[in-house]
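Report on the following structure.
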Amino acid sequence: MTSGKVPRLTLRQERAAFIQDRKRLQDRVADQITAFSGSMAFVYLHILWFTIWIVINETRWRFDPFPFGLLTLIVSLEAIFLSTFVLLSQNRESARSDMRAEIDFETNVLSEVWLEAVAEKLGVDVKQVHATAKDRIAQSKTLASANVNGPG
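Heads up, the sequence shown is in our numbering, so the first residue is -16 and it goes up one at a time.
In C-alpha cells:
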C-alpha cells in the first residue's frame, strides 16, 4: 500500500467555481443590464421618460412631433439591444444549468459507488438491491402513467 491516502476525486464544481471567478467583464455587464431591464425600476423609468418626451413634444419644442418617429426609432433600437443581452444571459444560464446537471450526475455516481462499497462491507447483496430498485421504479412509472391517463 502507498502512503495510506485515498486519492481525492475532483468534481466539476471546482472547475465551475474557477470558471465563475474568471467570468469576463462583458458577461457581468450583460447580466446586470438584463437584471435591470427585468425590474420595475426599468418600467417606471420608461413611463417617466415616455411621459416627459410626449409632454415636451406636444407643448414646447416639438423636435419629434406626433406620431413620435424618433422616439419609436430609439425604443426599437433599445429593444434590439435588450433582446441581445437577454439572449446572452440565457445562454450563460443554460451553460450553468448544464454544468449543474453534470455535477449532480457525478455526485450521484460517486454516492452510488460509496453505497455499493459500504453495502459490500456489510454483506448486503448489491444485485438484489438493484433488482428491487428496478422493480419499484417500474411500479412507480406504471402508477404515474395510470394517474396521467386517468381512470378508464
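Every residue gets a Cβ at the ideal spot worked out from N, C-alpha and C, and that includes glycine.
| Item | Value |
| --- | --- |
| Reducing DSSP to helix, strand and coil, say where Phe51 ends up. | coil |
| Count the other C-beta atoms from every protein chain shown that fall within 10 angstroms of the C-beta of Ser22, then say buried if there are 16 or more, exposed otherwise. | exposed |
| With a CB to CB cut of under 8 Å and the five nearest residues on each side skipped, what residues in its chain are close to Val26? | none |
| Go through its chain and collect everything with a Cβ distance to Leu28's Cβ below 7 Å, but skip five positions before and after it. | none |
| For Glu76, collect the residues of the same chain with a Cβ closer than 8 Å to its Cβ; drop the 5 residues on either side in sequence, then sort them by chain order. | none |
| Which residues in the same chain have their Cβ closer than 8 Å to the Cβ of Trp36, if we skip the five residues on either side of it in sequence? | Asp47, Phe51 and Leu54 |
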